[in-house]
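Letter 346 of the first sequence, counting from 1, is numbered 345 in numbering that gives the first Met the number 0, and no numbers are missing.
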Amino acid sequence: MNKPIVSVKKEESPVEKDTSFNPQGFEAKWQKKWEADKLYRSVIDHSKPKHYALTMLPYPSGDLHIGHWFSMTPPDARARFKRMQGYNVMFPMGFDAFGLPAEGAAIKNNIHPRIWTFANIERMRKQMRSMGTMFDWEREAASADPSYYKWTQWFFIQLFKNGLAYRKMATVDWCPKDNTTLAREQVKQKGDEQVCDRCGTPVIKKNLEQWFFKATKYADELLRFDGIDWPQTVKTMQTNWIERSEGAEVHFTVDGDHPQITVFTTRPDTLWGATFMVLSPEHPLVNAITTPEQKNSVEEYKAQAAKQNEIQRSNVDKEKTGVFTGGYAINPVNQKRIPIWIADYVMMSYGTGAIMAVPAHDERDFAFARKFGLKITPVIQPANMEPLNGETMTGAYGGAGLMINSVLFNGTVVNTEKGRKNPGISKVIDWLTEKNIGKETVNYKYRDWLISRQRFWGAPIPMIYCEEHKWNPVPDDQLPMVLPEDDVEWKPTGESPLKLHPTWKDAACPVCGGAATRETDTMDTFMCSSWYHLRYLSPQNNSAPFDETEYNYWMPVDTYTGGIEHATMHLLYTRFFHKALRDIGIVKGNEPMMQLRNQGMVLAEDHSKMSKSKGNVVAPDVLVQKYGADTVRAYIMFFARWELGGPWDSKGIEGTARWIRRTWTLFTDSSPAGEPASAYDGRDLRRHLHQTLKRITNDFENFQFNTVVSSLMELMNELYKAREAGAVGSTAWKEALEIYLHMLAPVAPYMAEELWMRLGKPYSIHQQSWPQVDEAATKEDTIEIPVQINGKVRDKVVVAADASEDEIRAAALASEIIQKYLEGKEPKKVIVAKGRLVSLVV
RNA sequence: GCCGAAGUGGCGGAAUAGGCAGACGCGCACGACUCAAAAUCGUGUUCCCUCGGGAAUGAGGGUUCGAUUCCCUCCUUCGGCACCA
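The following block contains the structure:
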């Protein structure tokens, strides 16, 4: 397993250096030397432009898998490239170290999560070192370390003090397997079930008092992506997740002695067509307005809806259901008495939990009205169509037209625009406001971030409850509020072990000093990862979450890379968090990460997801032992488009391994074929070299790692040909070898360093400057131009690279083959694309 | 249902200010070396063919001298959201 792949040993003379390819040997050697020399230490240096390259930190599950390599080593190559370009690069790494698997291990093995977690970190750190990345380990941070979560707690308190963290009773999602509440972002739709994003278990609803962050305060700002270069897909996903909709709130009075009911609508222009009202079964006024005759059926429906709620009631295709409450509302625009129903297609969690139903112009309302025989009144008449008739319509009409049946608004134009851009909507909103029966409102699907978790292995929420003084933060001098080491029971009881701990929850009220109770919930681990990029700035700092001088130099993050699965979770949380800290005065700027790129996923060879249970996981350690880390890095970059990912191909790595070995041989074989020709013309070689340099520079910039490697492969093939042609010894040859190693260095840092040394160059190649493209050298002398007749290539002519259109045309027409095709006739048309092609039309 | 991304040889993928489709690599075939195999090196490899050529970038249409690239319609795959009022 551990033997070198190939031995290119020739008959050895004792003075000759060993030229056998032994990556395991030189990789270990350089790793040690780089660490001893602190080659990748990143410190403030105002003489250079800075570049903060960040890749999402891993959870310390205990084993580095190929996906980690895929997400870390290409960005590492790019960070190295940036460094050679003259940037002062910081490329830190750490661990998202709180989380449930540690508790699972605690339950299973009766071992404290801290011990399990930090043992895993130790193990993964070792594995990561083999990857040959330029991580600055002196900046490492682990979120489960008290010196880290001290500041996670401190940030919570800052949010609390600034009114951005609050506690409320709410209907929340609960994962019965993980035994904790979840934020809405962490609940996913799977088939027709809502499941826990972490474990896939269907969630249930619970009414609980929980801590929230006021993320919705930033809804509008989070919809703006000004000045940041993020993938459109992520921006779209966040935009859809927040889902802003413009409309109006309208107040309806209710028959009898009841409070008003407010509805939210995006179509106030259709108010005159509201022929009934629907409340969510959970709406607080349902009981009050239900008449005695309807009480039984309403209760029955509510019970059934509540039960369905636990399973899943949001199946779109489901037949509409509902019951009449017996109550009536007054439509404020025309004083019509309209029946109030309850139905589970109206959600308490959106808008006001009540809608005005306009069956003529809303499909759901239409289906409901038809099923229960409710009145349908059209109020928008499309042009060029028979007048709509509520009795005979077969579906709702949602398009443009003129308002009808709407008294003073009759004839008003309604288009398909949303909100104020629609003249009908805009006019009605103004009128509602004036009449004081409604007002313009913007509604969001986005909800505040539920931060409480009923778990042990997280940062304890630093709050204390006293009967008299209610909730108060733990005083700063008592931070961190550390998790207990002893007397913790590892039983899957469904309650936080902290709650069951004999003494942990006892505290003194920060206000009166009297007996008080600690919060026993911990924070969502996404809170920890919302600010880890700040902790990297100064992980040792014990008096502040980060140094301001470090912040001013390094922030914001220039390049952020990671998986797209975090689009509406971490990537949204961290933007919110940054904006909140900005308003509190802790950080500057509007966005934490300027450029974002998402890598794809490495799939198993059968195109399925890799998983331990399926046993189809590719183990990078084995590959490193067999081929060396450089080959694994290069193959990772080469085998698929980084942004797409794809299935692993275990045979494919042989090609990359061959290229690495051939590169080694090219540099170390001192008996080149071909005579050293003093008359060797290096122009072709230099042209290839500088064309490649230009391409690779561009490809690194654009995260196109696969073509970086293929360009290097091509250039190596050229180098072998040049060697045959007697290039060895020429200045072009020497230049080519040096530049080749510069370009190789980010991809295969170990071998590049080893070969650089063997060229007799000064240590270290990783401190060399990225070579300059010699533009003149990239230019061709002559070019071959295809000549098309009626779109088909018939011949190719060779002309000077700078030949004029006339010259090219003449050369094309002079071709014998072309003349043969023309059969003596004049072409109807001759198109010359200078430097590219000639197209003849006959 | 809505929104988005992607469809190129046996496979991963190159090539888009519209200009020689298939770079590079895997696989495969043949050859050299070898007693033999592996490794290595070399040659070939989109398909069809009557060897002159013809067809081809998911399908169909359009714009153009010319389309993988731009426009329209459709199909497939993947991802996101999902009774959002």
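Glycine included, each C-beta is placed from N, C-alpha and C at the ideal position. In this text the structure is predicted, and so the values were computed from the model without any measurement.
Item to check | Proximal residues to Asp-268 (C-beta, below 6 Å), its chain only, five neighbours per side dropped | outcome: So the qualifying residues of the chain are Val-413, Gly-423, Ile-424 and Val-427.
Next on the checklist: Excluding the 5 residues flanking Gln-380 on each side, which residues of the same chain have their C-beta closer than 7 Å to its C-beta?
Outcome noted: Taken in chain order, the residues that qualify are Pro-386, Leu-387, Gly-400, Leu-401 and Ile-403.
Checklist entry - Given that a residue counts as buried once 16 or more other Cβ atoms are within 10 Å of its Cβ, and exposed if not, what is Ala-672? => result In this prediction, Ala-672 scores a pLDDT of 49, lower than 50, which makes its location untrustworthy; no coordinate-derived value is stated.
Next on the checklist: Can you tell me whether Pro-842 is helix, strand or coil according to DSSP?
Outcome noted: Outside the displayed range of the chain (0 to 841) lies residue 842, so it cannot be described from this structure.
Checklist entry - Are Gln-293 and Gly-255 touching if we call contact CB-CB under 7 Å? => result The answer is no: Cβ separation not under 7 Å.
Checklist entry - Going by beta carbon distance, what residues of the same chain come within less than 7 Å of Ile-436, once the five residues before and after it are set aside? => result Excluding sequence neighbours, Ile-436 sits near Val-249, His-250 and Pro-331.
Next on the checklist: Quick check: the Cα distance between Leu-63 and Ile-830, rounded to an integer number of angstroms?
Outcome noted: The straight-line gap from Cα to Cα measures roughly 58 Å.
Checklist entry - So, helix, strand or coil for Ala-672, using DSSP? => result With a pLDDT of only 49 at Ala-672, under the threshold of 50, the placement of this residue in the model should not be trusted; the figure read from the coordinates follows. Looking at Ala-672 - three-state DSSP - the assignment turns out to be coil, as it is neither helix nor strand.
Item to check | Distance between Lys-81 and His-50 (C-alpha atoms, nearest Å) | outcome: The alpha-carbon atoms of His-50 and Lys-81 are separated by roughly 8 Å.
Checklist entry - Nearest to Trp-33 by CA position, among Phe-455, Pro-748 and Lys-204, is which residue? => result Minimum Cα distance to Trp-33 is reached at Pro-748.
Item to check | Where the beta strand (DSSP E) through Lys-187 begins and ends | outcome: It spans 186 to 189 - the beta strand (DSSP E) in which Lys-187 sits, taken as one unbroken run.
Checklist entry - Gln-209 bridges to which residues according to DSSP? => result According to DSSP, Gln-209 bridges with Lys-167.
Checklist entry - Since Met-276 contacts Ile-203 with CB under 8 Å, what's their CB separation in whole angstroms? => result Going by Cβ atoms, the distance from Met-276 to Ile-203 rounds to 29 Å, so no, they are not a contact pair.
Checklist entry - Nearest to Glu-713 by CA position, among Glu-700, Lys-733 and Leu-688, is which residue? => result Comparing Cα-Cα distances from Glu-713 to each of Glu-700, Lys-733 and Leu-688, the minimum goes to Leu-688.
Checklist entry - With which residues is Leu-692 paired in a DSSP beta bridge? => result Per DSSP, Leu-692 has no beta bridge partner at all.
Item to check | Own chain partners of Val-171 with C-beta closer than 8 Å, once the 5 adjacent residues on each side are dropped | outcome: Cβ contact annotation for Val-171 (same chain, cutoff 8 Å, sequence separation greater than five): Thr-180, Leu-181, Lys-204, Lys-205, Asn-206, Leu-207, Gln-209 and Leu-449, in chain order.
Checklist entry - Does DSSP put Asp-557 in a helix, a strand or coil? => result It is a strand residue.
Checklist entry - Quick one: Cα of Leu-270 to Cα of Val-253, how far? => result Here the C-alpha atom of Leu-270 lies approximately 16 Å from the C-alpha atom of Val-253.
Checklist entry - Is the distance from the Cβ of Pro-74 to the Cβ of Met-636 below 7 Å? => result One thing to note: Pro-74 has its Cβ no nearer than 7 Å to the Cβ of Met-636.
Checklist entry - What do you get for Lys-578, buried or exposed, if any count of 16 or more other CB atoms within 10 angstroms of its CB means buried? => result Lys-578 comes out buried.
Checklist entry - On the premise that Ala-735 lies in contact with His-765, defined as a C-beta separation below 8 Å, what is that separation, rounded to the nearest angstrom? => result Going by Cβ atoms, the distance from His-765 to Ala-735 rounds to 20 Å, so no, they are not a contact pair.
Item to check | Validate contact between the segment 627 to 647 and the segment 22 to 37 using beta carbons, cut 8 Å, 3 pairs | outcome: Taking 8 Å as the limit for Cβ pairs, the verdict is that the segment 22 to 37 does touch the segment 627 to 647.
Item to check | Whole runs of the alpha helix (DSSP H) within the segment 255 to 316, excluding any shorter than 4 residues | outcome: If we require 4 residues or more, the alpha helix (DSSP H) runs fully inside the segment 255 to 316 come out as 285 to 288 and 294 to 310.
Next on the checklist: Relative to the C-alpha of Pro-845, which candidate in Lys-216, Gly-512 and Thr-151 has its C-alpha closest?
Outcome noted: For residue 845 there is no data in the structure shown, the boundaries of the chain being 0 and 841.
Checklist entry - Do Met-480 and Val-487 have their C-beta atoms within less than 7 Å of each other? => result Cβ distance not < 7 Å, so Met-480 and Val-487 don't count as in contact.
Item to check | Trp-340, enclosing beta strand (DSSP E) - first and last residue | outcome: Run containing Trp-340: 336 to 341, per the beta strand (DSSP E) assignment.
Checklist entry - What are the residues that DSSP puts in a beta bridge with Leu-53? => result Listed as beta-bridge partners of Leu-53 by DSSP are Tyr-559.
Next on the checklist: Between Asp-557 and Gln-594, how many whole angstroms is the CB-CB distance? I'm expecting something under 8 Å.
Outcome noted: In this structure Asp-557 touches Gln-594 by the C-beta definition: roughly 6 Å separates them, less than 8 Å.
Next on the checklist: Along the chain, where does the alpha helix (DSSP H) containing Ala-731 start, and where does it finish?
Outcome noted: Segment 730 to 743, the alpha helix (DSSP H) holding Ala-731.
Next on the checklist: The alpha helix (DSSP H) that contains Val-621, what's its start and end?
Outcome noted: For Val-621, the uninterrupted alpha helix (DSSP H) segment begins and ends at 619 to 626.
Checklist entry - Between the C-alpha atoms of Gly-418 and Ala-356, what's the straight-line distance to the nearest angstrom? => result Between Gly-418 and Ala-356, the alpha-carbon positions lie close to 18 Å from each other.
Item to check | Strand pairing of Arg-657, partner residues [DSSP] | outcome: DSSP output for Arg-657 lists no bridge partner at all.
Checklist entry - By Cβ distance below 6 Å, which residues in the same chain neighbour Pro-112 in space, the five residues on each side in sequence not counted? => result Hits under 6 Å: Ala-101, Glu-102, Ala-105 and Trp-456.
Checklist entry - Got a sec, what are the start and stop residues for the beta strand (DSSP E) Met-83 sits in? => result Per DSSP, Met-83 belongs to no beta strand (DSSP E); it is in the alpha helix (DSSP H), 65 to 83.
Next on the checklist: Extract the residue ranges of the alpha helix (DSSP H) inside the segment 404 to 438, only unbroken runs of 4 or more that lie entirely within it.
Outcome noted: Taken in chain order, the complete alpha helix (DSSP H) segments of 4 or more residues contained in the segment 404 to 438 are 422 to 434.
Checklist entry - Under a three-way DSSP split, which group does Asn-697 fall into? => result Asn-697 sits in a helix when the DSSP states are folded into three classes.
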